[in-house]
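2 protein chains.
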Amino acid sequence: MRIFLVLGHRAATGPDFSLNDLPGSAGRLDILCRCVNSSFFLSHDLRRDTELYLVLQDRVTVRFVGSGLRHLNPDERSTAALIQRALTAKGRLRGDEELESTPGIFVARRGLRKALEEIQSRVERLFLLHEEGPSLHEAELVPDIGFILSDHLEFSPWELELMRDLPRLSLGPKSLHADHCIIIAHNELDLRYDPEPC
Amino acid sequence: MRIFLVLGHRAATGPDFSLNDLPGSAGRLDILCRCVNSSFFLSHDLRRDTELYLVLQDRVTVRFVGSGLRHLNPDERSTAALIQRALTAKGRLRGDEELESTPGIFVARRGLRKALEEIQSRVERLFLLHEEGPSLHEAELVPDIGFILSDHLEFSPWELELMRDLPRLSLGPKSLHADHCIIIAHNELDLRYDPEPC
C-alpha cells in the first residue's frame, strides 16, 4: 500500500471552473491532475495498490483509490472532469461523511488534519517530501508507506506545525514538481519491493 | 547537455486538431505534451541544459530547446497550443530546413533517421530506453547523454532495426509511460552530476 497526499492550496473546491483553463480558473488544478496520473498510471495498467488524497484548500478531500478506479485516463482534462464530478457530488454530503462520486473516487468535506489521521492509521510510515530532508534513495523505507507533498506553493507554517513530527525526505538536488516527486518515489519503491518484471 | 527523443507514432502532423481532445483527434498528443513537461520543468525554473525531439509519424520533428524556451507552461493544453503553432508554421518550410515557430521551439520535415544522426553528433552516448535493457541506475552514464523513448506504442520493427546499435537501458521492474521515464532519468543524472542544491 502506497499513499500520497497532495495539498492543493488554491485548487477549486466547487465545480464551477472551466476544463479549458485548469491553471487559471481551477486554481492550478492541472498540477493535481498530473499527480493523479503520476500516482496511478503504468503502461497499459494502473497501480492498484496506491491511493491519492487531494486536499483542496484544507476544506475538501478528493480521494482516489487505485483498486476501485474506472474511467481514468492519463490526460489532464479528463481527470479534471472526474474531479469536477466529485465536487458536484459534494453538494449532497452531510457532515463529514465520504461519498463515492465515480468508481474509485471519493469526496468529503475534510481537511488536512483528518486526512493525516486516516493515513497514519493505514500505513507503517508517513514522510513529508521536503527539499531539506535526507535522501529518499538512501533512506530506510517500508512497503506500506505514505508521502505528503505540496502543489506549486510551499507548505504553510500552519501545515508544517501540524506535521512537525513527520520525518522528511528529499529526492535530489533539484526542486521538483509534486507529480515528478511521485514518479521518483514510486520508482524507488518498485526497485526495492517489486524487483520482478510485471 | 541532455537530449530526449520521443516517437509519436500517431500524433498529428498538422494543426487541425482540437485542444479539447488531445488523446483523440490529436493522436495521443497528450503523451507528448507530458514529455515536454517532464523534460523541462523544475519547480519555478526550466532545465536549460535539455532538449527534446518529438518525432511525429516519422515525418515531422518538433524540437524544444531548453536554453531558448519562453512562454512554456506546465499544463498539457498550453503546450499542445505551442505544438499546434509549430505545425502551422510547418506550411512555410522548404525542403528539410528547420524553422523556429515560437522561442525555443523548432519544426522541420524530418523523421527519425535524421534526428538520430543529429543527436548522435551532439551527445557522448545515446541510449534506447527499453524494458529489456540493464538498469539505468547501475549503468555507466555521462553528463552529455541522449535517450530515445516511444509513446504508448511499442517501437516498430523498422525503428528497432534503425537503432539496433544503440545500447538499451531500463528503469525498473514496471512498464512506464514515456514522460515518467524522463523524470526518472533526469533524477538519476541530477544525483550523479549535479549534487549541489540549486
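In order, the protein sequences belong to chains A and B. Just so we're aligned, residue 1 is where the first sequence starts under the numbering used here, counting upward by one. Just so we're aligned, residue 1001 is where the second sequence starts under the numbering used here, counting upward by one. Glycine included, C-beta positions come from ideal geometry on N, C-alpha and C. This structure is a prediction, so every number in the text was calculated from the model and none was measured.
How far does the beta strand (DSSP E) with Phe40/A in it extend, from its first residue to its last? If you number the first sequence from 1, residue 40/A lands on position 40. First-last for Phe40/A: 29-40, but that is the alpha helix (DSSP H), not the beta strand (DSSP E).
Using a C-beta to C-beta distance shorter than 7 Å, which residues of chain B count as neighbours of Gly214/A? Because residue 214/A is not part of the residues shown, which for chain A are 1 to 198, the question remains open.
I want to see whether chain A comes within less than 8 Å of Ser1043/B, judged by CB atoms only; does it? The residue labelled residue 1043/B in the question sits at position 43 within the second sequence. Yes, Ser1043/B lies at the interface with chain A (some Cβ there is under 8 Å from its Cβ).
Is Ala86/A close to chain B? Criterion is C-beta to C-beta, closer than 8 Å. Counting from one through the first sequence, the residue named residue 86/A turns up at place 86. Not an interface residue.
Kindly list, in the order they appear in chain B, the residues whose Cβ is closer than 7 Å to that of Asp151/A. Counting from 1 along the first sequence, the entry for residue 151/A is found at position 151. Residues of chain B passing the Cβ test: none, with the nearest at roughly 10 Å.
Have a look at Ser1018/B and Ala1026/B and give me their C-alpha separation to the nearest angstrom. As a working note, residue 1018/B is residue 18 in the second sequence. As a working note, residue 1026/B is residue 26 in the second sequence. Computed Cα separation, rounded: 7 Å.
Between Glu138/A and Ser170/A, which are expected to be in contact by the criterion C-beta below 8 Å, what is the C-beta distance as a whole number of angstroms? Taking the first residue of the first sequence as position 1, residue 138/A is located at position 138. Taking the first residue of the first sequence as position 1, residue 170/A is located at position 170. Glu138/A to Ser170/A, Cβ: 10 Å. No contact.
C-alpha gap between Cys1035/B and Gly91/A, whole angstroms: Position 35 of the second sequence holds residue 1035/B. Position 91 of the first sequence holds residue 91/A. Roughly 36 Å separates the two Cα atoms.
With a threshold of 8 Å, are at least 3 pairs of Cβ atoms found where one atom belongs to the region 141-150 of chain A and the other to the region 93-103 of chain A? no
Name the chain A residues that come within less than 7 Å of Ile1183/B, Cβ to Cβ? On the second sequence, residue 1183/B is found 183 positions in, with the first residue counted as 1. What Ile1183/B touches in chain A: His180, Ile183, Ile184.
Compute every distance between the C-beta of Arg1094/B and the non-hydrogen atoms of the ligand FAD, then say whether any falls below 7 Å. Among the ligands in the structure shown, none appear at all, so the ligand FAD cannot be discussed.
At a CB-CB cut-off below 7 Å, which residues of chain B make contact with Glu100/A? In the first sequence, counting from the first residue as 1, residue 100/A sits at position 100. Ordered by position in chain B, no residue passes the 7 Å Cβ test against Glu100/A, which lies about 25 Å from the chain.
Examine the Cβ distances between the region 1107-1116 of chain B and the region 1066-1078 of chain B and report whether three or more of them are shorter than 8 Å. no
Chain-order list of residues whose beta-carbon lies under 6 Å from that of His1044/B (same chain, five-residue window excluded): Position 44 of the second sequence, counting from 1, holds the residue named residue 1044/B. Counting only Cβ-Cβ distances below 6 Å, and skipping sequence neighbours, we find nothing.
For the alpha helix (DSSP H) that Glu118/A lies in, which residues bound it at each end? Taking the first sequence and counting its residues from 1, the one referred to as residue 118/A is at position 118. From DSSP, the alpha helix (DSSP H) with Glu118/A extends over 112-120.
Once DSSP output is grouped into helix, strand and coil, what is the label at Cys1198/B? Stepping through the second sequence from its first residue, residue 1198/B is reached at position 198. Here the model assigns Cys1198/B a pLDDT of 43, short of 50, so the residue's position is not dependable, and the following value carries that caveat. In this structure, Cys1198/B counts as coil in the three-state DSSP scheme.
Would you mind stating whether Gly66/A and Arg47/A have Cβ atoms separated by less than 8 Å? Translated into positions along the first sequence, residue 66/A becomes position 66. Translated into positions along the first sequence, residue 47/A becomes position 47. Yes, the pair counts as a contact, with Cβ atoms nearer than the cut-off.
Since Leu1022/B meets chain A, which of its residues come closer than 8 Å, beta carbon to beta carbon? For this step, residue 1022/B is matched to residue 22 along the second sequence. Under the 8 Å cutoff, chain A gives Asp75, Arg77.
Would Asp1030/B pass as an interface residue toward chain A - the criterion being a Cβ-Cβ separation below 8 Å? If you number the second sequence from 1, residue 1030/B lands on position 30. Chain A contact via Cβ: present.
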